[in-house]
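*Asks:* Residue numbers (our numbering): 3 to 416. C-beta: ideal position from N, C-alpha, C; glycine also. Supplied in structure tokens, the structure appears directly below.
If you want it as structure tokens, here you go:
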């Protein structure tokens, strides 16, 4: 967990505003869920390895005193925004629009091993559609998310698409033990990080048959297109799955119009165990890490209300996007002109406060600073902080507007 300095906060605010504007234009509405959820809910959410990273909250008072060694916690900090959304949807179903197109932006927590670019508290930025069974939902999510990333000035984007049902069929086709597909997916999800040999070693170490492991990796390599994979899997996959996948690929490709690339990727897994259908990620430039990801999770809501509700979502990796924007340098102009008024603290405050009020009513952001003994250095510091409009009040209340000059004491502007 880390502190964020003002310049980065300003960039984060700008980026969030751009993303929200795009999502709202696509008809999504913003909701909020609590940081804390029932631990039982979090642990039965099919969150994959993230369930091992939950920050648990001890019971309080008499409940803690009466708890056994294995029953000390009853709550946990959310590790993503999807699990809280499903609980939220189930609890508020009667009061929500149907279908629901939701935006969530907020912090999540995972007890990660500290390393560059991975934080224990970080922001996620999600859109989800609940109540739409057709692949129209996937198409909307992909187009909205790619447009949001483009609004941040990000180019060279590639959207990768796969389907969990194809992966499940491949695992069965290759001869893995029934019921152990989850561990296969967890290992395969690391393919871009540890390579083919690393995945093969992990699968063998967890007890999977070496022959099945080789068939799986060879088959995924050979299934570079939906047609090639279809020839391999045959009737193991329902015709509707292939038809839906092709509709997503064709429709999104037509709408991309060269603004981003689209690719089918038979090796794409996504780590969460709750995915039931199409899955997708976005890569930026030559990086193998994704900056956004999501998929369909049709069976999660049913755990709460007794019937399945079609659901699919896409999450922007906000921290990764911000790191790219920081590396690229400032991209956003201030939403309002930033003005600083330097005033003599020994004089009355009336004139400077009146001037500040007038400027703020004109839509400007106004900072007040008492005049330092070394005015030239003060002006240089203000310029470094991004101020280009500086008013220095004299004892008579007259304002001299100055344009600071690095290395000098400043010049009076006309």
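Assuming residue 89 is part of the alpha helix (DSSP H), what are its boundary residues?
*Replies:* 84-93
*Asks:* State buried or exposed for residue 409, treating a residue as buried only when at least 16 other CB atoms are found within 10 Å of its CB.
*Replies:* Residue placement at residue 409 cannot be trusted, given a pLDDT of 47 that sits under 50; the coordinates are not used to answer.
*Asks:* Among all the DSSP beta bridges, which residues are the ones paired with residue 163?
*Replies:* 266, 282
*Asks:* Which residue wins for smallest C-alpha separation from residue 205, given the options 251, 185, 291?
*Replies:* 185
*Asks:* Since residue 87 and residue 38 are thought to touch, with beta carbons under 8 Å apart, how far apart are those beta carbons, to the nearest angstrom?
*Replies:* So it is not a contact: roughly 15 Å between Cβ atoms.
*Asks:* Given residue 58, which residues of its chain have a CB within under 7 Å of its CB, disregarding the five upstream and five downstream residues?
*Replies:* 41, 75, 78
*Asks:* Along the chain, where does the beta strand (DSSP E) that runs through residue 24 open and close?
*Replies:* Element bounds for residue 24: not the beta strand (DSSP E) but the alpha helix (DSSP H), 8-27.
*Asks:* Can you tell me where the beta strand (DSSP E) holding residue 79 begins and where it ends?
*Replies:* 75-79
*Asks:* Does the distance from the C-beta atom of residue 312 to that of residue 163 stay below 9 Å?
*Replies:* no
*Asks:* How close, in whole Å, do the beta carbons of residue 25 and residue 129 come, if the pair is a contact with beta carbons under 8 Å?
*Replies:* 6 Å
*Asks:* Between which two residues does the beta strand (DSSP E) holding residue 404 run?
*Replies:* 401-405
*Asks:* Among 105, 235, 245, which one has its Cα closest to the Cα of residue 18?
*Replies:* 105
*Asks:* With distances taken between CB atoms, is the gap from residue 107 to residue 126 smaller than 9 Å?
*Replies:* One thing to note: residue 107 has its Cβ within 9 Å of the Cβ of residue 126.
*Asks:* Below 6 Å CB to CB, which residues in the same chain sit around residue 298 once its five sequence neighbours on both sides are set aside?
*Replies:* Once the five neighbours on either side are set aside, the close Cβ partners of residue 298 are 278, 279, 280, 314.
*Asks:* Check the DSSP bridge columns for residue 340 and list the partner residues they point to.
*Replies:* 367
*Asks:* For residue 40, write down the residues that DSSP places opposite it in a beta bridge.
*Replies:* The partner list for residue 40 (beta bridge, DSSP) reads 77.
*Asks:* State the DSSP-derived secondary structure class of residue 397, mapped to helix, strand or coil.
*Replies:* coil
*Asks:* Below 7 Å CB to CB, which residues in the same chain sit around residue 397 once its five sequence neighbours on both sides are set aside?
*Replies:* For residue 397, where only same-chain residues beyond five positions count, the Cβ hits under 7 Å are 346, 349.
*Asks:* Can you tell me whether residue 82 is buried or exposed? The criterion is at least 16 other CB atoms within 10 Å of its CB, across all chains shown.
*Replies:* buried
*Asks:* Less than 9 Å between the C-beta atoms of residue 254 and residue 161, yes or no?
*Replies:* yes
*Asks:* Is it buried or exposed for residue 283, if we count other Cβ within 10 angstroms and need 16 for buried?
*Replies:* buried
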